[in-house]
Amino acid sequence: MRELIVKAEKLTKVYKLFAEEIAAVNNVDLEISSGEFVSIMGPSGSGKTTLLDMIGCLDSITSGRLEVLGNDVSKMKESRLVNIRRGKIGFVFQDFSLIPSLTALENIQLILYFAGIQKKKRDLIKLLEKVGLGHRVNHLPKQLSGGEKQRVAIARALATELEFLLADEPTGHLDTENSQEILNVFKQLNQEEGLTIIVATHDVKLGSQTTRTIYLRDGKVDQNNN
Amino acid sequence: MNVISVAYKNLKRKKIRSALTIGGVAIAVAVLVSLVGFDRGYQQSLTGNIDKMGYQLLVTAKGCPYEAATMMLKGGGGLRYMEQDIYEKIKSDIRIDKITPQLVSAVYDPDRLDGQGGFAMYMGIADSYLELKPWSELKSGGWFTSETADEVIMGYEAAEVEQRLVGDKIFIPNINKVMTVVGIFERSGTQDDGIIFLPIKTAQQIFSLPNKLTGVGIKLKNIQEIGNFEEDLYNEPGIQIISMAQVRGTILNLVSSAKVMANSVAVIAIFIAVIGVVNTILMSIFERTREIGVMKAIGASAMDIFKLVWTETILVCSFGGILGSILALLGSDLVEHIIKKILPYAPSGQLVLIKPGLLFAAFLGAIALGIISGIYPAWRASSMRPVEAIRTGE
Chain A
150 MRELIVKAEK
160 LTKVYKLFAE
170 EIAAVNNVDL
180 EISSGEFVSI
190 MGPSGSGKTT
200 LLDMIGCLDS
210 ITSGRLEVLG
220 NDVSKMKESR
230 LVNIRRGKIG
240 FVFQDFSLIP
250 SLTALENIQL
260 ILYFAGIQKK
270 KRDLIKLLEK
280 VGLGHRVNHL
290 PKQLSGGEKQ
300 RVAIARALAT
310 ELEFLLADEP
320 TGHLDTENSQ
330 EILNVFKQLN
340 QEEGLTIIVA
350 THDVKLGSQT
360 TRTIYLRDGK
370 VDQNNN
Chain B
8 MNVISVAYKN
18 LKRKKIRSAL
28 TIGGVAIAVA
38 VLVSLVGFDR
48 GYQQSLTGNI
58 DKMGYQLLVT
68 AKGCPYEAAT
78 MMLKGGGGLR
88 YMEQDIYEKI
98 KSDIRIDKIT
108 PQLVSAVYDP
118 DRLDGQGGFA
128 MYMGIADSYL
138 ELKPWSELKS
148 GGWFTSETAD
158 EVIMGYEAAE
168 VEQRLVGDKI
178 FIPNINKVMT
188 VVGIFERSGT
198 QDDGIIFLPI
208 KTAQQIFSLP
218 NKLTGVGIKL
228 KNIQEIGNFE
238 EDLYNEPGIQ
248 IISMAQVRGT
258 ILNLVSSAKV
268 MANSVAVIAI
278 FIAVIGVVNT
288 ILMSIFERTR
298 EIGVMKAIGA
308 SAMDIFKLVW
318 TETILVCSFG
328 GILGSILALL
338 GSDLVEHIIK
348 KILPYAPSGQ
358 LVLIKPGLLF
368 AAFLGAIALG
378 IISGIYPAWR
388 ASSMRPVEAI
398 RTGE
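Line by line, the protein sequences give chains A and B.
Under the numbering used here, the first residue of the first sequence carries the number 150, and numbering increases by one thereafter.
Under the numbering used here, the first residue of the second sequence carries the number 8, and numbering increases by one thereafter.
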């Protein structure tokens, strides 16, 4: 039986904008098990990123209950949330979010430093080779193409003993060819290594190749298709 | 991978801004090092100068002690006169090891300093002068041939200024007296170098000051007796006794107001440097808000971010400390030149004394500056909530 990685019950996130309250995520019930490749789709403002941030223990919740990796994180403060996500939850952002002053290798070393994990340099180079960047180890982000930057970001996320990977619009800044390459990397990680991946995306092609798609509309789950 | 290398690479991203901030810290450190170096150098030079006077006590005519102290350092006695009887009276005191009378006179010479005019200092001395200053050596020539000879021995600098050699004549304006140069002293590094010496009896005669003295220098057999000795002479009319310790204190009092001003400048420079550092680092973290959010998202704790930003601040200040120390070392001659022009009395010798210990202390001080000024920016960065930082920075 597959382990439950994320379990949300009536998960709600309300933002206050002046006097108005906006429910970015509204009473969402959700379960995601290990080994799934899930896409969260929906129009802009439907709550995809907010849902992803809460699952990734980056954002607090307004009401409801959220369990991540067996921990009830509903009322946890940031000082404890960091311990849940550190080394266990990987993030890939639309704009790659690499540290500009560090090389591809150093960007990976940084996450290991934060996680307090020691790894040999040659293992990290192998990791970069795995995402097709063995020849870009000592390049700075500004010397890499968009697709290469995103692959460094994926390698960075994979450097720790990851439980699941969250990707927010990972192909949003990429052309068709690079988008397909990133999709291939995700599929390979999911199928060959059983890595759980949750992607928030507008990209219909990416969404269509995941094992499950959750459609959001106005902060609510509209469809949950296998 | 360590926090120092990440912090260093972050600073390199904005090279000009980092360099300017480091420059600000460097100037503050340089000012501070120069001032502390001056404080130490001045005291050491002053003590050295006073020690080289050879006596512990100076008996002078009653008057302003500040004036007496300054004049004594410049010329060996205040320009007030006392009766020679005092000297005759106290010279037989068994507590005295060595004693010498002095008569100082300043004569304005319009031709001095290439026609600019200036005062020439003359000092009448006795044979006992050399007993109090056994290190004094004659560069050329010899001692006076008699107690009443019309002869002078010139200090090293006085001979250089007047361009005189042994055997030359020297004309004293106002009193129209011609004297023969019989000797020239070696450089002593004290004010004596600028004085023209003559036999005390000759001085009393040509300056029309019979039986007058400006001072009597005394060295006691036992330095512990100074207090008692001063007390015994306290009731003698028309004289005052100045100990060298008092002179030192008086001169240090004279420069203390200048030091207060200079220290205020240093404090302001440090304050401005701290503001500059805090401003630069704050600007840097605001620019990197999203990056900090991402670092937190991928696992950095608040303490990790605090350490990173704190290290950046400490690095800026450390580089500033090193650069400032180098600037202070290179600029010490210039600072000394300026100080000598400003101060009411500048002893000879090195006035700005910068030793390795001072540079090390300055470096530690710069690190302390970084530690203090880094706290607020580091706290601001570490307390950012990741999701807000990521969205705000988009």
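By construction, the Cβ of each residue, glycine as well, lies at the ideal position given by its N, Cα and C atoms.
Please compile the residues from chain B whose C-beta is within a distance smaller than 7 Å of the C-beta of residue i.
i, result
"alanine 264(A)", "Gly306"
"arginine 235(A)", "Gly306"
"valine 177(A)", "Under the 7 Å cutoff, chain B gives no residues; its nearest Cβ is about 17 Å from valine 177(A)."
"valine 286(A)", "Those within 7 Å of valine 286(A) in chain B number zero; the least Cβ separation is about 14 Å."
Within the same chain, show all residues whose beta-carbon is closer than 7 Å to that of residue i, passing over the 5 residues directly before and after it, in chain order.
i, result
"tyrosine 164(A)", "Ile171 and Ala173"
"glycine 201(B)", "Met128, Gly162, Glu164 and Ala165"
"glutamate 185(A)", "Thr345, Thr360 and Arg361"
"isoleucine 248(B)", "Leu64, Val66, Glu237 and Leu240"
"valine 285(B)", "Ser380, Tyr383 and Pro384"
"alanine 304(B)", "Pro393 and Ile397"
By the criterion of Cβ-Cβ separation under 7 Å, what are the contact partners of residue i in chain D?
i, result
"asparagine 17(B)", "Any reference to chain D falls outside this structure, whose protein chains are A and B."
Could you tell me whether the Cβ atoms of residue i and residue j are closer together than 8 Å?
i, j, result
"threonine 320(B)", "valine 10(B)", "no"
"lysine 298(A)", "phenylalanine 245(A)", "yes"
"glycine 328(B)", "glycine 372(B)", "yes"
"lysine 162(A)", "methionine 203(A)", "yes"
"valine 7(B)", "phenylalanine 45(B)", "Residue 7(B) lies beyond the residue range present for chain B, which begins at 8 and ends at 401; the question has no answer from this structure."
"isoleucine 154(A)", "leucine 218(A)", "yes"
"alanine 264(A)", "threonine 309(A)", "yes"
"serine 143(B)", "phenylalanine 178(B)", "no"
"isoleucine 347(A)", "isoleucine 189(A)", "yes"
"glycine 281(A)", "isoleucine 274(A)", "no"
"glycine 356(B)", "asparagine 56(B)", "yes"
"asparagine 181(B)", "valine 114(B)", "yes"
"threonine 107(B)", "threonine 155(B)", "no"
"glycine 190(B)", "valine 168(B)", "no"
"valine 177(A)", "leucine 207(A)", "no"
Please return the same chain residues whose Cβ sits closer than 6 Å to the Cβ of residue i, not counting the five positions on each side in sequence.
i, result
"lysine 105(B)", "Glu138, Leu139 and Lys226"
"phenylalanine 151(B)", "Glu158 and Pro206"
"arginine 392(B)", "none"
"arginine 87(B)", "Ala68 and Gly70"
"glycine 377(B)", "Thr320, Ile321 and Cys324"
Do you know whose CA, among the options, lies nearest residue i's CA?
i, options, result
"lysine 348(B)", "Asp134(B), Leu337(B), Val262(B) and Asn286(B)", "Val262(B)"
"serine 271(B)", "Val43(B), Asp100(B) and Ser12(B)", "Val43(B)"
"lysine 369(A)", "Glu158(A), Glu152(A), Ile154(A) and Leu153(A)", "Glu158(A)"
"alanine 265(B)", "Ile233(B), Gln109(B) and Ile346(B)", "Ile346(B)"
"asparagine 229(B)", "Lys21(B), Ala35(B) and Tyr62(B)", "Tyr62(B)"
"phenylalanine 313(A)", "Pro249(A), Lys237(A) and Lys354(A)", "Lys237(A)"
"asparagine 256(A)", "Glu167(B), Arg102(B), Val36(B) and Ser12(B)", "Ser12(B)"
"proline 141(B)", "Met8(B), Val40(B) and Asp58(B)", "Asp58(B)"
"glutamine 229(A)", "Asp340(B), Ala309(B) and Glu395(B)", "A small fix is needed here, since residue 229(A) is arginine in this sequence, not glutamine. The option with the nearest alpha carbon to arginine 229(A) is Ala309(B)."
I need the boundaries of the beta strand (DSSP E) containing residue i, first residue and last residue.
i, result
"proline 206(B)", "202-206"
"glycine 190(A)", "Here residue 190(A) is methionine; the residue named in the question, glycine, does not match the sequence. Run containing methionine 190(A): 186-190, per the beta strand (DSSP E) assignment."
"asparagine 175(A)", "169-182"
"arginine 366(A)", "361-366"
"leucine 314(A)", "313-317"
"arginine 214(A)", "212-217"
"alanine 68(B)", "64-68"
"glycine 239(A)", "238-241"
"tyrosine 241(B)", "That residue, tyrosine 241(B), is in no beta strand (DSSP E); it is neither H nor E in DSSP."
Along chain B, which residues have their Cβ under 9 Å away from the Cβ of residue i?
i, result
"serine 240(A)", "Reading the sequence as shown, one finds phenylalanine at residue 240(A) and not serine. Simply Val301, Ala304 and Ile305."
"serine 228(A)", "Ser308 and Ala309"
Cβ closer than 9 Å: which chain A residues qualify as neighbours of residue i?
i, result
"valine 274(B)", "Chain A residues near valine 274(B): none, gap ~35 Å exceeds 9 Å."
"valine 13(B)", "Ile248, Ser250, Leu251, Glu255, Leu259 and Tyr262"
Which residue comes first and which comes last in the alpha helix (DSSP H) that contains residue i?
i, result
"proline 393(B)", "393-399"
"serine 357(A)", "353-357"
"serine 332(B)", "309-349"
"serine 380(B)", "363-389"
"aspartate 202(A)", "197-204"
"glycine 295(A)", "295-307"
"glutamate 193(B)", "No alpha helix (DSSP H) holds glutamate 193(B); DSSP gives it neither H nor E."
Whose Cβ in chain B lies nearer than 8 Å to the Cβ of residue i?
i, result
"leucine 365(A)", "The contacting residues do not exist; leucine 365(A) stays about 18 Å from chain B at best."
Using a Cβ cut-off of 8 Å, pull out every chain A residue sitting near residue i, in sequence order please.
i, result
"valine 394(B)", "Asp202, Leu207 and Asp208"
"arginine 20(B)", "Pro249 and Ser250"
"methionine 8(B)", "Glu255, Gln258, Leu259, Leu261 and Tyr262"
Residues of chain A with CB under 7 Å from residue i, in chain order?
i, result
"glutamate 298(B)", "Ile248"
Keeping to the same chain, check which residues put their C-beta closer than 8 Å to that of residue i; ignore five residues upstream and five downstream.
i, result
"phenylalanine 313(B)", "Ala385, Trp386, Ala388 and Ser389"
"leucine 216(B)", "Tyr88, Leu110, Ser112 and Ala210"
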